[in-house]
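Student: Each residue of the sequence shown is one higher than the last, beginning at 0 in numbering that gives the first Met the number 0. Sharing a structure, written as structure tokens. Questions coming.
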Amino acid sequence: MDKITLTQHGKWLPADVQTTVSLFMGLVGDQPGIMLESAEVDGRLGRYSLMAWDYRLMLHPVDGKLVVEATDERLAPLKELEGMDFLPGIKKAAEILNIEQKTEGGNSRDTIPGLTRGLYGYFGYGVAGMFERKLAECCKPADAEACLVLPGQLVLFDHLRHSCCYLSLDEGAAPTPAPIQWGADLTAPEAGTPTVHPGKEEYMAGVERCKELIAEGECIQVVLSTRFTVPVPDEPFRIYRRLRQANPSPFMFYMKFPDCASMGKTCGTTLLGSSPEMMVRSDAGHLEVRPIAGTRWRGETEKEDMRLEKELLADPKERAEHVMLVDLGRNDLGRISKPGTVTVEKFMNVERFSHVMHLTSYVEGELKDGLDGVDVLQATFPAGTLSGAPKIRAMEIIADLEPQDRGPYGGCIGWMGLDDGVVSLDTGITIRSMWIRDGVCNWQAGAGIVYDSDAEAEWNECHNKARVLLEVITGKGGTDVFADR
0 MDKITLTQHG KWLPADVQTT VSLFMGLVGD QPGIMLESAE VDGRLGRYSL MAWDYRLMLH
60 PVDGKLVVEA TDERLAPLKE LEGMDFLPGI KKAAEILNIE QKTEGGNSRD TIPGLTRGLY
120 GYFGYGVAGM FERKLAECCK PADAEACLVL PGQLVLFDHL RHSCCYLSLD EGAAPTPAPI
180 QWGADLTAPE AGTPTVHPGK EEYMAGVERC KELIAEGECI QVVLSTRFTV PVPDEPFRIY
240 RRLRQANPSP FMFYMKFPDC ASMGKTCGTT LLGSSPEMMV RSDAGHLEVR PIAGTRWRGE
300 TEKEDMRLEK ELLADPKERA EHVMLVDLGR NDLGRISKPG TVTVEKFMNV ERFSHVMHLT
360 SYVEGELKDG LDGVDVLQAT FPAGTLSGAP KIRAMEIIAD LEPQDRGPYG GCIGWMGLDD
420 GVVSLDTGIT IRSMWIRDGV CNWQAGAGIV YDSDAEAEWN ECHNKARVLL EVITGKGGTD
480 VFADR
């Protein structure tokens with residue numbers, strides 16, 4: 000199949016009186032759309048935010064096979080890929096597609112990052128069964144969910160220069176934001192009591208079973224989770240707005256997909272969240288993962304912060320879990336990196352966020368020649384922080400003990416670049432997140448089970464994480480979704 004090259008026509012405009020929320024509400028409103036933000040902007044974690052809508056292409060699996068929804072006639076040849084296994088189909092589609100850009104206005108120093116030239120969406124936890132044959136029984140490919148979209152309209156918001164670039168696949172398009180109600184009330188209506196599955200007794204029994212298997216040498220750690228559901232009490236974007244106010248994070252996301260029967264599990268889904276943790280990033284082949292394990296609340300003063308940092312760094316359990324996750328990250332990147340390039344650039348640093356501090360390490364490598372973005376995901380998916388170690392055995396145990404598939408939870412969200420000959424992508428782990436389907440809001444919380452775990456303490460950790468998100472849903476506050484990892 001011949002290469003398909005599309006051109007985005009862009010125009011830089013000042014955005015000093017706009018916000019990402021006001022632009023999204025005015026341009027996208029209630030229609031399907033995506034917002035990707037780094038709400039704590041410091042230049043390193045995220046200079047840009049992205050809004051995207053008017054999906055021209057949607058790629059998703061049904062029964063493990065690729066389904067292609069193309070509304071732009073220039074993309075019609077991609078229909079030939081329909082029916083392929085999902086991941087080979089995604090690889091082929093990304094190989095065929097290329098995006099060029101023509102822009103006007105802006106400063107000569109302004110550059111448009113690869114973030115604007117890609118496919119956007121999510122991979123649910125169950126896609127692991129497509130990436131790894133050994134997991135095909137416990138994560139059946141036919142049950143996996145995912146969706147990647149190519150939007151026709153985008154806005155790149157540059158927080159550093161207080162400007163934005165409107166990009167369109169249609170020449171001459173100039174979207175104008177609709178009027179919005181400034182200062183709109185974010186008070187939420189009452190929500191019901193969440194249903195929890197598995198409940199406390201079943202979850203605690205699962206913890207004890209994990210401890211038995213760990214004692215038998217089956218694994219070192221298992222991340223066991225439980226699901227919470229409640230009827231949706233409010234509009235999803237209003238929930239997202241409360242979440243970004245209460246819990247700013249490096250990976251903030253809102254993704255609304257169409258109500259289309261052919262889309263399988265993704266039909267009518269809205270996914271939103273505030274994730275503190277990168278899954279994997281490739282910047283033109285420079286790979287990076289950032290394991291996070293170990294948490295303390297922020298202090299009221301700098302002196303108290305320093306005391307808590309020392310306490311965190313001295314905690315043997317926190318350190319042991321962190322070292323295990325760094326080793327997992329090194330092993331994952333080692334599968335796809337050039338020999339001798341995998342390094343731990345920063346080890347066990349304490350990073351301070353708005354409400355908490357974390358132990359964080361930076362593991363980096365250089366991608367082998369001939370590999371692409373799907374290969375990068377295959378080597379790292381899912382993150383060890385959501386599975387355990389060794390990863391494959393831990394996931395088999397999770398499948399035996401958790402009563403339902405995880406859906407989006409534990410997978411990843413983000414984008415995969417379409418620049419010809421360049422491998423770029425940026426993904427966050429789908430935690431501290433919720434998905435809304437058929438009028439029901441779902442979210443999960445997990446805890447890392449090790450040989451000396453206390454079953455009730457692990458249940459309380461899950462419950463506390465879930466409670467924080469419920470408070471955001473209901474507008475009753477919410478402290479920080481980074482806490483009690």
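Note that beta-carbon positions come from the ideal geometry of N, C-alpha and C, so glycine has one too.
Quick check: what's the CA-CA separation for histidine 285 versus tyrosine 121?
Tutor: In the sequence shown, the residue the question calls residue 285 occupies position 286. In the sequence shown, the residue the question calls residue 121 occupies position 122. Going by the C-alpha atoms only, they are around 22 Å apart.
Student: Can you name, in chain order, every residue of its own chain whose Cβ lies under 6 Å from the Cβ of arginine 43, other than the five neighbours on each side?
Tutor: Here the question's residue 43 lines up with position 44 in the sequence shown. In this predicted model, arginine 43 has a pLDDT of only 49, less than 50, meaning its place in the structure is not dependable enough to derive any value.
Student: Excluding the five sequence neighbours on either side, which residues of its own chain have a C-beta within less than 6 Å of the C-beta of glycine 487, listed in chain order?
Tutor: Lying before the first or after the last residue shown, residue 487 is absent from the chain, which here runs from 0 to 484.
Student: Write down every uninterrupted run of the beta strand (DSSP E) in the stretch 291-351 whose length is 3 residues or greater and which is fully enclosed by it, in chain order.
Tutor: Runs of the beta strand (DSSP E) inside the stretch 291-351: 291-296, 342-351.
Student: With valine 349 and leucine 312 assumed to form a contact (beta carbons below 8 Å), what rounded beta-carbon distance in angstroms separates them?
Tutor: Position 350 of the sequence shown holds residue 349. Position 313 of the sequence shown holds residue 312. Right, their Cβ atoms sit about 7 Å apart.
Student: How would you call glutamine 244, buried or exposed, if buried means at least 16 neighbouring beta carbons within 10 angstroms?
Tutor: Along the sequence shown, one-based indexing puts residue 244 at 245. Looking at its Cβ environment, which holds fewer than 16 other Cβ atoms inside 10 Å, glutamine 244 is exposed.
Student: Nearest CA to the CA of glutamine 377: which residue from Tyr124, Lys78, Val61, Tyr47?
Tutor: Here residue 377 is taken as the residue at index 378 of the sequence shown, counted from 1. Cα-wise, what sits closest to glutamine 377 is Tyr124.
Student: Give, in chain order, every unbroken run of the beta strand (DSSP E) that is at least 3 residues long and sits entirely within the stretch 384-471.
Tutor: Fully enclosed beta strand (DSSP E) runs of 3 or longer: 411-416, 424-428, 432-436, 439-448.
Student: Put methionine 254 into one of helix, strand or coil per three-state DSSP.
Tutor: For this step, residue 254 is matched to residue 255 along the sequence shown. In the structure shown, methionine 254 sits in a strand (DSSP, three-state: E or B).
Student: Buried or exposed for lysine 255, please, with buried defined as at least 16 other CB atoms from any protein chain shown within 10 angstroms of its CB.
Tutor: In the sequence shown, the residue the question calls residue 255 occupies position 256. Buried, because 16 or more other Cβ atoms sit within 10 Å of the Cβ of lysine 255.
Student: Determine the burial state of glycine 496: buried for a count of at least 16 other Cβ atoms within 10 Å of its Cβ, exposed for fewer.
Tutor: Past the boundaries of the shown model lies residue 496; the chain is included only from 0 to 484, so the question cannot be answered.
Student: State the start and end residues of the unbroken beta strand (DSSP E) segment that holds glutamate 68.
Tutor: One-based indexing of the sequence shown puts residue 68 at position 69. Counting along the chain, the beta strand (DSSP E) containing glutamate 68 begins and ends at 64-69.
Student: Assuming isoleucine 335 and lysine 367 form a contact by the criterion Cβ under 8 Å, report the distance between their Cβ atoms to the nearest whole angstrom.
Tutor: Numbered from 1 along the sequence shown, position 336 holds the residue referred to as residue 335. Numbered from 1 along the sequence shown, position 368 holds the residue referred to as residue 367. The Cβ separation is near 6 Å, so the contact holds.
Student: Along the beta strand (DSSP E) that carries alanine 145, what are the first and last residues, could you check?
Tutor: Taking the sequence shown and counting its residues from 1, one reaches residue 145 at position 146. Where alanine 145 is concerned, the enclosing beta strand (DSSP E) stretches over 145-157.
Student: Along the chain, where does the beta strand (DSSP E) containing lysine 10 start, and where does it finish?
Tutor: If you number the sequence shown from 1, residue 10 lands on position 11. First-last of the beta strand (DSSP E) with lysine 10: 3-13.
Student: What's the call for lysine 133, buried or exposed, on a 16-neighbour Cβ count within 10 Å?
Tutor: Numbered from 1 along the sequence shown, position 134 holds the residue referred to as residue 133. Exposed.
Student: Could you give the distance in angstroms between the alpha-carbon of tyrosine 450 and the alpha-carbon of valine 229?
Tutor: What you label residue 450 is simply residue 451 of the sequence shown in a count that begins at 1. What you label residue 229 is simply residue 230 of the sequence shown in a count that begins at 1. Near 33 Å, if we compare the C-alpha coordinates of valine 229 and tyrosine 450.
Student: Take every Cβ of the stretch 280-299, pair it with every Cβ of the stretch 149-162, and state whether three or more of those distances are shorter than 8 Å.
Tutor: With the cut-off at 8 Å, the stretch 280-299 and the stretch 149-162 do not touch.
Student: So, do the stretch 217-227 and the stretch 23-37 have three or more beta carbon pairs nearer to each other than 8 Å?
Tutor: These segments do not touch.
Student: Is the stretch 428-446 touching the stretch 457-476 in the sense that three or more CB pairs, one from each, lie closer than 8 Å?
Tutor: Segments in contact, yes.
Student: Quick one: Cα of tryptophan 414 to Cα of serine 423, how far?
Tutor: Start at 1 with the first residue of the sequence shown, and residue 414 comes out as number 415. Start at 1 with the first residue of the sequence shown, and residue 423 comes out as number 424. Each residue's alpha carbon lies about 9 Å from the other.
Student: Give me whichever residues DSSP pairs with glutamine 17 in a beta bridge.
Tutor: Here residue 17 refers to the residue found at position 18 when the sequence shown is read from its first residue. Answer by DSSP bridge pairing: none, since glutamine 17 is not bridged.
Student: Note down the Cα distance separating glycine 364 from proline 290, rounded to an integer number of angstroms.
Tutor: Here residue 364 refers to the residue found at position 365 when the sequence shown is read from its first residue. Here residue 290 refers to the residue found at position 291 when the sequence shown is read from its first residue. Roughly 14 Å between the two C-alpha positions.
Student: Please report the distance separating the alpha-carbon of phenylalanine 488 from that of glutamate 303.
Tutor: The chain is shown from 0 up to 484; residue 488 falls before or after that span and cannot be answered.
Student: Would you mind listing the alpha helix (DSSP H) stretches within the stretch 67-125 that are 4+ residues and don't spill past its ends, in chain order?
Tutor: You should have 85-95.
Student: Looking at the structure shown, is leucine 134 part of a helix, part of a strand, or coil, going by DSSP?
Tutor: For this step, residue 134 is matched to residue 135 along the sequence shown. It is helical.
Student: Can you give me the Cβ contacts of arginine 297 inside the same chain, cut-off strictly under 7 Å, excluding the 5 residues immediately before and after it?
Tutor: Numbered from its first residue, the sequence shown carries residue 297 at position 298. If we look at arginine 297 and ignore the five residues flanking it on each side, its Cβ neighbours are Asp304, Arg351, His354, Val355, Met356.
Student: Could you work out which residue in Gly117, Lys345, Gly104 is closest to proline 13 when comparing CA atoms only?
Tutor: The sequence position of residue 13 within the sequence shown is 14, counting from 1. Of the candidates Gly117, Lys345, Gly104, the one whose C-alpha sits nearest the C-alpha of proline 13 is Gly104.
Student: What residues in its chain sit with their C-beta under 7 Å from that of valine 20, if we drop five residues either side in the sequence?
Tutor: Residue numbering aside, residue 20 sits at position 21 when the sequence shown is read from its first letter. Contacts found: Arg240.
Student: Based on DSSP bridge pairs, tell me the residues matched to alanine 51.
Tutor: What you label residue 51 is simply residue 52 of the sequence shown in a count that begins at 1. Paired residue(s): Ile33, Leu153.
Student: Using DSSP bridges, identify the partner residues of serine 224.
Tutor: Working through the sequence shown from its first residue, we reach residue 224 at position 225. Serine 224 is bridged to Gly445.
Student: Quick check on the DSSP output: the alpha helix (DSSP H) that includes threonine 269 runs from which residue to which?
Tutor: As a first step, residue 269 must be located in the sequence shown, where it is residue number 270. Note, threonine 269: premise wrong, no alpha helix (DSSP H); beta strand (DSSP E) at 269-274.
Student: In the DSSP assignment, the alpha helix (DSSP H) including valine 373 goes from what residue to what residue?
Tutor: Taking the sequence shown and counting its residues from 1, the one referred to as residue 373 is at position 374. Start and end: 372-379.
Student: Can leucine 468 and arginine 436 be called in contact, C-beta distance under 9 Å?
Tutor: The residue you call residue 468 lines up with position 469 of the sequence shown. The residue you call residue 436 lines up with position 437 of the sequence shown. Not in contact: leucine 468 and arginine 436 (Cβ atoms no closer than 9 Å).
Student: If leucine 427 and glutamate 276 are in contact, beta carbons under 8 Å, what's the gap, nearest whole angstrom?
Tutor: By 1-based counting over the sequence shown, the position of residue 427 is 428. By 1-based counting over the sequence shown, the position of residue 276 is 277. The sequence shown places glycine at residue 427, not leucine. Glycine 427 to glutamate 276, Cβ: 7 Å. Contact.
Student: Cβ of glycine 171 within 9 Å of Cβ of glutamate 401?
Tutor: Looking up residue 171 in the sequence shown gives position 172. Looking up residue 401 in the sequence shown gives position 402. For glycine 171 and glutamate 401, no; Cβs fall outside 9 Å.
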